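Chemist: Have a look at the structure that comes next, please.
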Amino acid sequence: MSQTQVHSHDALSDHAFEDGVPYEYFDAARREDPVRWIEEEDGPGYWSVTRYADVVAVTRNFQQFSSETGGTTREDIGHEDLMARQTLIDTDPPLHTAMRRVLSPRFTPGNVHKEWVGFVEELVQKTLDQAFSRPGFDWVADVASVIPMIVLGELLGVPTEDRAYLKALGDEMIAGADPDHAPRTADSPENVKENSGYPFSSPAGRDIWKYADALRDRRGGNLGHDVFSLLMTGNLNGRKLTTRELDNFFSLLVVAGNETTRMALSHGLLAFAQNPDQFRRLQEDPSLLNTAVEEVLRWATPIHHFRRTALVDTTIGETTIKAGDKVIIWYASANRDETVFDAPYTFDISRKPNPHVAFGGGGPHICLGNSLARLELQIVFRELAKRVQTIEIDGPVHRLRSNLTHGIKELPVRLTYA
Numbered sequence: 004m005s006q007t008q009v010h011s012h013d014a015l016s017d018h019a020f021e022d023g024v025p026y027e028y029f030d031a032a033r034r035e036d037p038v039r040w041i042e043e044e045d046g047p048g049y050w051s052v053t054r055y056a057d058v059v060a061v062t063r064n065f066q067q068f069s070s071e072t073g074g075t076t077r078e079d080i081g082h083e084d085l086m087a088r089q090t091l092i093d094t095d096p097p098l099h100t101a102m103r104r105v106l107s108p109r110f111t112p113g114n115v116h117k118e119w120v121g122f123v124e125e126l127v128q129k130t131l132d133q134a135f136s137r138p139g140f141d142w143v144a145d146v147a148s149v150i151p152m153i154v155l156g157e158l159l160g161v162p163t164e165d166r167a168y169l170k171a172l173g174d175e176m177i178a179g180a181d182p183d184h185a186p187r188t189a190d191s192p193e194n195v196k197e198n199s200g201y202p203f204s205s206p207a208g209r210d211i212w213k214y215a216d217a218l219r220d221r222r223g224g225n226l227g228h229d230v231f232s233l234l235m236t237g238n239l240n241g242r243k244l245t246t247r248e249l250d251n252f253f254s255l256l257v258v259a260g261n262e263t264t265r266m267a268l269s270h271g272l273l274a275f276a277q278n279p280d281q282f283r284r285l286q287e288d289p290s291l292l293n294t295a296v297e298e299v300l301r302w303a304t305p306i307h308h309f310r311r312t313a314l315v316d317t318t319i320g321e322t323t324i325k326a327g328d329k330v331i332i333w334y335a336s337a338n339r340d341e342t343v344f345d346a347p348y349t350f351d352i353s354r355k356p357n358p359h360v361a362f363g364g365g366g367p368h369i370c371l372g373n374s375l376a377r378l379e380l381q382i383v384f385r386e387l388a389k390r391v392q393t394i395e396i397d398g399p400v401h402r403l404r405s406n407l408t409h410g411i412k413e414l415p416v417r418l419t420y421a
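Each residue of the sequence shown is one higher than the one before, counting from 4 in my numbering.
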């Protein structure tokens, strides 16, 4: 790819990801112009940051690169709409710290292990038993979608009969450019703008707000140990959450607790199918499980990018950035940076160290639910290695059309069992 192509290409086009992540483009960008200005037809333009060191530096430096000013998505949204839809990811410390504190005790590694190991192990066994009753099935529909959805429902205290509905809304909200998941907004910029005051500029965000309000009304004073009860009673700087704060917290959890884990489970299975030698290594040496999961996370990188806005005149690498400039940080590129990862396009389940940025690259915005996501991945792939001999892809792999998330919609597989 030439330097001219690097400068003219807009990786934020959803269509650029229809056939997979444009890694060739990111490789060229890191070599030739790792912090480069991209013109937008419908906006002021942005800095595209592709090198690992720069992505990590921007992610951690909230004093200069804000999530709260401008939000974390590409769209340029008015202040009133941005405040109406503000979630944990759209804040900076000290507000971010206070909001995170509402839920963080429930998501420590120790508490996650104590509360969830038994539940997830039983759930994985039941889900695999059902899927493995036949040699061929859709891994996404029958496994990767099922496990995170049920865990999320239990986490939030959502009735069983409502969980599929919430999953569908989460799919629509996070994949607004995919016609299968989001028919109300795909190929409809006008509809996106009309819904800019809702999470992810999606009418599904509005519907999730409505559901959260109805769930709160149904609960009344009947609170439990679930996270929704915690949101209803949580302390934010000495007060309870407002209705809108609770709605936004809920909408973020619907996405973060379901979509990203499903994507990692899907890409992990695909990676093992395409690299049978690595699956055999895991079968023969279960001690590789933890490093295998970290490699799955690097390989999958469920979130392609987030946005920051420069608060002051500063630099990224050797490039001057002006206050107010929009900055897009590419986790998808950072996790293939050859200066950090030896043979980055080799799926290696013993890779160590593996400082991937699948959970955000450190700093205040490291993924709150990373311990729970890791637990789900560990148990699924541990059981897969025990119970399956071989994995074959059994049809076309249909990918999500999205510049934001790295999703697979359909993954037909054929397995032989141990």
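Glycine residues also receive a C-beta, built at the ideal position from the N, C-alpha and C atoms. Because the structure is a prediction, the values reported are computed rather than measured.
Measuring CA to CA, which of 228, 180 and 215 is closest to residue 108?
Modeler: For residue 108, the nearest C-alpha among the options comes from 228.
Chemist: Quick check: what's the CA-CA separation for residue 63 versus residue 419?
Modeler: Each residue's alpha carbon lies about 45 Å from the other.
Chemist: Contact criterion: CB-CB distance below 9 Å. Does residue 356 meet it with respect to chain C?
Modeler: The question asks about chain C, but that chain is absent: this structure has only one protein chain.
Chemist: Taking residue 129 as part of the beta strand (DSSP E), name the residues at either end of that continuous run.
Modeler: Residue 129 -> not in any beta strand (DSSP E); alpha helix (DSSP H) instead, spanning 112–134.
Chemist: When the Cα atoms are used, what is the spatial distance from residue 408 to residue 311?
Modeler: When rounded, the distance between both Cα atoms is 17 Å.
Chemist: For residue 309 and residue 358, what's the separation of their Cα atoms in angstroms?
Modeler: Approximately 18 Å between the Cα atoms of the pair.
Chemist: Tell me, which residues are paired with residue 401 by DSSP?
Modeler: BP columns for residue 401 point to 413.
Chemist: Is the region 49–66 touching the region 361–373, taking contact as three or more C-beta pairs under 8 Å?
Modeler: With the cut-off at 8 Å, the region 49–66 and the region 361–373 touch.
Chemist: Straight-line CA distance for residue 21 to residue 324?
Modeler: Roughly 31 Å between the two C-alpha positions.
Chemist: In the region 318–364, which residue ranges form an unbroken alpha helix (DSSP H) of at least 4 residues, counting only runs that do not cross its ends?
Modeler: If we require 4 residues or more, the alpha helix (DSSP H) runs fully inside the region 318–364 come out as 334–337.
Chemist: Throw me the rounded Cβ distance for the residue 421 and residue 391 pair, which I believe falls under 8 Å.
Modeler: About 6 Å separates the two Cβ atoms, so the contact holds.
Chemist: Under 8 Å: does the beta carbon of residue 383 sit that close to some heavy atom of the ligand GDP?
Modeler: Judged by which ligands are present, the structure shown has none, so any question about the ligand GDP falls away.
Chemist: Three or more beta-carbon pairs under 8 Å between the region 215–228 and the region 261–271, yes or no?
Modeler: Counting Cβ pairs under 8 Å, fewer than three are found: no touch.
Chemist: Taking the C-alpha atoms as reference points, what is the distance between residue 207 and residue 173?
Modeler: Rounded to the nearest angstrom, the two C-alpha atoms are 7 Å apart.
Chemist: Using three-state DSSP, classify residue 421 as helix, strand or coil.
Modeler: Three-state DSSP puts residue 421 in coil, outside helix and strand.
Chemist: Give every residue of the same chain whose Cβ lies closer than 7 Å to the Cβ of residue 352, excluding the five residues on either side of it in the sequence, and list them in chain order.
Modeler: Result list for residue 352: 281, 284, 285, 291, 294, 295 and 298, in chain order.
Chemist: Just mark residue 40 as buried or exposed, buried being the case when its beta carbon has 16 or more other beta carbons within 10 Å.
Modeler: Exposed, since its Cβ has fewer than 16 Cβ neighbours within 10 Å.
Chemist: Check residue 20 in the structure and name its three-state DSSP category.
Modeler: Here residue 20 sits in helix by DSSP.
Chemist: So does the region 120–134 actually touch the region 396–415, counting three or more Cβ pairs closer than 8 Å?
Modeler: Touching, no.
Chemist: Starting from the C-beta of residue 101, find all residues in its chain whose C-beta is less than 8 Å away, skip the five residues before and the five after it, and write them out in chain order.
Modeler: So the qualifying residues of the chain are 239 and 240.
Chemist: Under 7 Å Cβ to Cβ from residue 53, same chain only, skipping five residues before and after it: list those, please.
Modeler: If we look at residue 53 and ignore the five residues flanking it on each side, its Cβ neighbours are 29, 32, 33, 37, 333 and 336.
Chemist: Measure the beta-carbon distance from residue 170 to residue 148 and round it to whole angstroms, keeping in mind my assumption that it falls under 8 Å.
Modeler: About 7 Å separates the two Cβ atoms, so the contact holds.
Chemist: Would the region 251–264 and the region 87–104 be scored as touching if the rule is three or more Cβ pairs under 8 Å?
Modeler: Short answer: they touch.
Chemist: Does DSSP classify residue 68 as helix, strand or coil?
Modeler: Here residue 68 sits in strand by DSSP.
Chemist: Look at the alpha carbon of residue 19 and the alpha carbon of residue 77, and state the distance between them as a whole number of angstroms.
Modeler: So the alpha carbons of these two residues sit roughly 15 Å apart.
Chemist: Going by alpha carbons, who is nearest to residue 427 out of 46, 96, 394 and 159?
Modeler: Lying outside 4 to 421, the shown extent of the chain, residue 427 is not represented and no answer is given.
Chemist: Which residues in the same chain as residue 314 place their Cβ atom closer than 8 Å to its Cβ, once the five residues preceding and following it in sequence are excluded?
Modeler: Result list for residue 314: 66, 67, 68, 69, 72 and 326, in chain order.
Chemist: Check whether the Cβ atoms of residue 55 and residue 348 sit closer than 9 Å, and answer yes or no.
Modeler: Not a contact, by the Cβ cut-off of 9 Å.
Chemist: I need the straight-line Cα distance from residue 331 to residue 201, nearest angstrom please.
Modeler: The alpha-carbon atoms of residue 331 and residue 201 are separated by roughly 21 Å.
Chemist: If you draw a straight line from the C-alpha of residue 199 to the C-alpha of residue 255, how long is it?
Modeler: Those two C-alpha atoms are separated by around 16 Å.
Chemist: Report the three-state DSSP secondary structure of residue 242 (helix, strand or coil).
Modeler: Note: residue 242 maps to strand in three-state DSSP.
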